[in-house]
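The number in this note's numbering is simply the position in the sequence shown, starting from 1, with 1079 added.
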Amino acid sequence: MGTRRCLQVIILILGFSLVGSVLASGAIVRQQWQDYDWPVPASSSAQLVSRAQTAVAWVAEGIPARPAFHYDYQPLRIRSGDPAHNGHLHRLSVGVEGDMDQWQLQGRIGLHGTSNIYKYREPHREAVVGKVVLWRQLENAAVQAIGIGGDHRFGHFRWLPRLLWERSISGHQLRLDLPRGLYWQGPSRRWQFRAERLGDKWGALNADRDFKSAIYLEEWQLVLSRRFPVFNQGWFVKLGLGMSLDTRVRYREKDRREVRRDLGNAGFGLVQLQW
């Protein structure tokens, strides 16, 4: 998927939103990181790793089972070694979010891969990625919900228990979603903060199309952002600054040797259009 295809997806999502923002919500997001290991000391032989991300998302509203769509493109440029991938990472997923009585289900399945997988239309099992969370709402309890979720947030796919605690104090919303992260919103949701564990997997295919592998990326993100109303009621622009902490990447090189890199920390800026 090149720039033209990405623009087509963005236009499609905007079209869905214009049908009626009351019936759907979505976002277009751009994040740009500083180079990892930035600035590099003059005496250091470390190679810079650059990173950016463009994403679009859409989810229906007002119905019990809400279809959802997500696509993002993330160039992760590793300039050392001989990776068996080109660093152009794509995630395309569809899913559903639904509520029934005291139960809530969130499920996604997608094709995550390097550009060669999309270019040559040769997906393999490492490129098929699923995520699922099942919540049980509680009444008269210290926490709002308990559940179980499975994803690649901590490396390989694993099932983990989930715990949700929420409080509202003088217009401030505090949400603790263990083991995922901590979230805060100020009055009218103008200011927002999140400290979140992120991680995922992409299938990889080398240029000769004879070696299939996987790429794993894990990190913590801290983000402080401010929302501004624009255009029409229900439309916002969000501007944010954040840090990626303890960023780790794991992949195979062309000689099939596994490489684990601790990229460390890097700051980033965020621009998001929400509706």
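The C-beta atom is built at its ideal place from N, Cα and C for all residues, glycine as well. For clarity, every value in this text was computed on a predicted model and none was experimentally measured.
Pick from the options that is closest to residue i, judged by C-alpha positions
| i | options | result |
| --- | --- | --- |
| Y1150 | G1192, A1274, N1311 | G1192 |
| D1180 | A1274, I1188, A1224, Q1353 | A1224 |
| D1287 | I1107, N1195, V1309 | N1195 |
| L1243 | R1215, W1270, G1234, H1235 | R1215 |
| G1226 | Q1183, G1260, H1235, A1206 | Q1183 |
| W1112 | A1134, F1148, L1155 | L1155 |
| G1319 | T1326, D1325, V1302, P1308 | V1302 |
| A1206 | S1172, V1316, I1142, V1138 | S1172 |
| Q1300 | K1291, R1276, V1316 | R1276 |
| T1326 | R1237, G1346, F1307 | G1346 |
| K1280 | G1321, R1305, F1236, A1144 | F1236 |
| P1143 | Q1185, Q1132, N1165 | Q1185 |
Endpoints, beta strand (DSSP E) assigned at residue i
| i | result |
| --- | --- |
| I1248 | 1237-1248 |
| H1149 | 1144-1157 |
| V1328 | 1315-1331 |
| Q1264 | 1260-1264 |
| Q1300 | 1291-1308 |
| V1207 | 1207-1216 |
| F1272 | 1270-1284 |
| V1138 | 1128-1139 |
| R1254 | 1251-1257 |
| R1109 | 1103-1112 |
| D1180 | It is not in any beta strand (DSSP E) - D1180 carries neither H nor E in the DSSP assignment. |
| A1224 | 1224-1230 |
Buried versus exposed, by CB contacts within 10 Å (16 or more), residue i
| i | result |
| --- | --- |
| A1121 | For A1121, the pLDDT reaches just 47, beneath the cut-off of 50, and the residue's location in the model is therefore unreliable, leaving the point undetermined. |
| Q1312 | exposed |
| S1249 | exposed |
| V1222 | exposed |
| R1335 | exposed |
| V1101 | Here the model assigns V1101 a pLDDT of 47, short of 50, so the residue's position is not dependable, and the following value carries that caveat. Result: exposed. |
| I1107 | buried |
| S1096 | At S1096, the pLDDT of 49 sits below 50, so the modelled position is not reliable and the matter cannot be decided from this model. |
| V1135 | buried |
| Y1168 | Reading off the sequence, residue 1168 comes out as Leu, not Tyr. Burial call: buried. |
| G1105 | buried |
| Y1115 | buried |
| V1128 | buried |
| L1284 | buried |
| W1354 | buried |
| G1234 | exposed |
| R1109 | exposed |
| H1251 | exposed |
| W1238 | exposed |
| R1246 | exposed |
Residue i: first and last residue of the uninterrupted alpha helix (DSSP H) it sits in
| i | result |
| --- | --- |
| I1196 | 1194-1198 |
Bridge-paired residues (DSSP) for residue i
| i | result |
| --- | --- |
| W1354 | Its beta-bridge partners do not exist; DSSP assigns none. |
| H1169 | Y1152, G1192 |
| D1046 | Residue 1046 lies beyond the residue range present for the chain, which begins at 1080 and ends at 1354; the question has no answer from this structure. |
| L1045 | In the structure displayed, the chain extends from 1080 to 1354; residue 1045 sits before or after that span and is not available. |
| G1348 | Q1111, L1320 |
Segment contact flag, the region 1266-1277 with the region 1171-1189, C-beta cutoff 8 Å, min 3 pairs: no
Contact between the region 1211-1218 and the region 1228-1235 (3+ Cβ pairs under 8 Å): Touching, yes.
Contact the region 1324-1334 vs the region 1295-1306: 3+ CB pairs below 8 Å: yes
Segment contact flag, the region 1159-1170 with the region 1332-1342, C-beta cutoff 8 Å, min 3 pairs: Taking a cut-off of 8 Å for Cβ pairs, the region 1159-1170 and the region 1332-1342 touch, as three or more such pairs fall below it.
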